[in-house]
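Residues in the sequence shown are numbered from 1 upward in steps of one, following the UniProt record's numbering. From the three backbone atoms N, C-alpha and C, an ideal C-beta is built for every residue, glycine too. The model shown is predicted, which means the values in this text are computed figures rather than measured ones. Let me begin by presenting the structure, written as structure tokens, before commenting on it.
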Amino acid sequence: LNGHPVDKELMVKMCGFVPQHDLAMQSLTVKEHLCFMARLKMDQRVSSIQQTRIISSILQDLGLYSCYFTQLGNLSGGERKRVSLAVQLLTDPPILICDEPTTGLDSYTASNVIGLLRQLSSRGKAILCSVHQPASGIFEMFDTVSLLVSGGRLAYFGEVNEAKQYFSKLDLVCPAAYNTAEFVVKQLNTLPDTLCEKFKNSYTYLNVRHEIETVKRSVHNYQLIYGMDEQFLKFYSVQSPTQKMQLKWLIWRSALDLLRNFKNVLLRFVLYVLTGLLISSPYIGTKLNQEGIQNIQGLNYSVITETVFTQSAAVMHTFPAEIPVLLREIGNGVYRPAPYYISKVMILIPRAIIETLIFCFVIYFLVGIKQESQSFFTFATPVIASAITSSAYGCCVSAMFENIGTASLFSVPVDLISYTFCGIFIQLSTLPIYLSWIKYISRFYYGVEALSILQWNHIDNIPCSSNP
């Protein structure tokens, strides 16, 4: 690029990419989203006050100041597109690549977006846009157009205002009052091979080739004389955030998202209380005698299975929605995978612990198998461990598959095998050697086994029924 070798890392820093589909945490406000991106994308030597000023300036330029405290999920299509553009402008990149910037927008909003891009190009930025069937007014707002057909073949490259004249020379005359862009697209779909061949043999193509060679020579000579220019020095010297800093801001964003969805958190707490009441109700009054052994083991199994299924299902039905955002942001170099995973764990674990404690509290004191209150946490510890393990399992399965349906299909046989070999349905000591190892990969086995040991380890004998 400009005579310099450019690797992927530098190209990511120098190019701003505005995607067709906007992916972000919908619960965050415009201010919070831009602050998060500024902390992780901008040079770390830029102070927070300077970052705030830059954000305010960009919002003012893009007409987004009125949306400063609006959640991303409540923005219109045009506003979302401008927010995506604002994110890329934080680092002031010399190159902007926009994928379908007008898709899904009405003609007025689309015209405004392209108008903003024209303003940016007038400030010295190189802006590349891919568009399909733009309105006539929008098509004419571009300076240069590259017309491609299937296979990425070039059918025309040149000034927009010369495109109609070029096609006229090929006896393809655009009718009066007809949208030039629609006419051109129609010809590209009708005569793709012919147009590509004619362009290769045209003076326009030769002029483009000559211009490219001239630029190559001039840039090479410039670099020999003047060395590296300021644009490259600026991005070479950018100080990226440490992984510790990435972790800090990822936790901040996840915590905000959790608070914005606090109603769901409260609902989950209520459901855990109700589930605890339902599960414990058949076991109320269970005695430590011969008849109560099966009931107590059944309760242990019910507690573990409910915890395992609920925690893994909760993650599997929420985590997939974050994966596209995760892949987009990692691909753009915003942060690394490790800080994201740690931040996710640090949010999931406290939630799993609190929910499990509520669940265990209801069951433990309602059933009343043990009366010593200090042993409650002994009862809850293996259940909490099962909850944390199940959350991790849910994250793993969600990351392996693209959608919830496929992840659920995978989980069904895995869960069936896991709870079959947990020790409730079959005596594990009777298993043949080629099957005995399966219990060690069962999420249910460890929880049920731990609760059983804690329940029966201190009991030397139990009353037996007088009836044979």
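Relative to the C-alpha of residue i, which residue among the options is closest?
i	options	result
GLY63	LEU116, CYS98, LEU28	LEU116
LYS287	VAL46, VAL367, ILE363, THR310	VAL367
LEU454	ARG82, PHE309, SER375, GLU197	SER375
LEU195	LEU128, ASP171, THR180, ILE212	ASP171
ASP22	PHE444, ILE404, PRO324, ALA392	PRO324
LEU299	THR275, VAL315, ALA313, ALA321	THR275
SER386	TYR272, TYR446, GLN88	TYR446
ILE212	SER237, ALA24, TYR393, GLY158	GLY158
VAL149	MET25, ASN179, GLU100, THR190	THR190
THR29	LEU75, LEU250, VAL18	LEU75
GLN133	VAL315, ASN261, SER107, SER121	SER107
GLN51	ARG39, ASP61, GLN60	ARG39
SER57	GLY333, ILE426, VAL265, LYS31	LYS31
GLY124	VAL185, ILE426, VAL160, LEU96	LEU96
ARG153	ARG118, LEU128, PHE199, ALA181	PHE199
PRO339	THR103, TRP249, ALA176	TRP249
MET25	LYS169, ILE433, MET42, PHE319	PHE319
LYS41	PHE359, ILE49, ASP92, GLU197	ASP92
GLN187	PHE167, ASN201, LEU206, TYR178	PHE167
LYS344	ASP257, PHE365, PRO282, PHE309	ASP257
ALA135	SER122, TYR156, THR109	THR109
CYS395	GLN294, VAL12, VAL46, SER312	SER312
ILE138	ALA155, THR103, GLN165, SER122	THR103
VAL334	THR242, VAL215, TYR364	THR242
ILE459	GLY285, SER302, ASN289	ASN289
GLY16	LEU10, ARG80, LEU89, GLU291	LEU89
VAL87	PHE69, HIS33, PHE361, ILE353	HIS33
LEU278	LEU266, GLU306, ILE251	GLU306
GLU162	ARG351, ILE363, THR180	THR180
LEU326	MET316, HIS317, PRO337	PRO337
MET245	ILE363, ARG217, ASP43	ASP43
ASP143	GLY151, ILE114, LEU357	ILE114
ALA293	VAL238, ARG82, ILE462	Note that residue 293 corresponds to Ile in the displayed sequence, not to Ala. With distances taken between Cα atoms, ILE293 lies closest to ILE462.
PHE410	ILE424, TYR178, VAL397	VAL397
ALA314	GLU291, ILE251, TYR283, ASN264	ASN264
ILE284	TRP252, VAL362, ILE349, VAL238	VAL362
So residue i is in the alpha helix (DSSP H); what residue range does that whole segment cover?
i	result
TYR156	Per DSSP, TYR156 belongs to no alpha helix (DSSP H); it is in the beta strand (DSSP E), 153-159.
SER398	376-400
PHE139	136-139
ILE304	292-316
PRO192	192-200
CYS174	Segment: none, CYS174 is in no alpha helix (DSSP H) and carries neither H nor E.
THR52	48-61
GLY276	262-280
ALA110	107-121
CYS360	337-367
PRO320	319-331
I'd like to confirm the pairing. Which residues does DSSP put opposite residue i in its beta bridges?
i	result
ILE97	PHE17, LEU128
VAL83	Looking at the DSSP assignment, VAL83 forms no beta bridge with any residue, so it has no partner.
SER146	PHE157
GLN71	THR29
Quick test of your reading: residue i and residue j, contact by CB under 8 Å. State the CB separation rounded to the nearest angstrom.
i	j	result
ILE304	VAL412	Rounded, the Cβ-Cβ distance is 18 Å, inconsistent with contact.
ILE388	SER254	Not quite, the Cβ-Cβ distance comes to about 17 Å (not below 8 Å), so this is no contact.
SER27	GLY73	7 Å
LEU451	PRO382	6 Å
VAL145	VAL160	5 Å
ASP99	SER66	Rounded, the Cβ-Cβ distance is 26 Å, inconsistent with contact.
ALA155	PRO192	7 Å
PHE401	SER418	With 8 Å as the limit, PHE401 and SER418 do not qualify as a contact, their Cβ atoms being about 18 Å apart.
ARG260	GLU355	About 19 Å; that fails the 8 Å criterion.
VAL18	SER84	5 Å
TYR272	PHE365	14 Å between Cβ atoms; not a contact.
ILE342	LEU247	6 Å
VAL12	ASN332	6 Å
MET14	PRO94	6 Å
I'd like to know if residue i contacts chain C, where contact means its C-beta is closer than 8 Å to some C-beta of that chain.
i	result
ILE330	Given the protein chain composition of this structure (a single chain), no chain C is represented.
Using only the heavy atoms of the ligand ZN, determine whether one of them is closer than 7 Å to the beta carbon of residue i.
i	result
THR109	What this structure holds is no ligand at all, so the ligand ZN is not there to describe.
Worksheet entry | Contiguous alpha helix (DSSP H) assignments of at least 4 residues, all confined to the region 399-456 | Counting only runs that start and end inside the region 399-456, the alpha helix (DSSP H) elements of at least 4 residues fall at 404-420, 433-436, 443-456.
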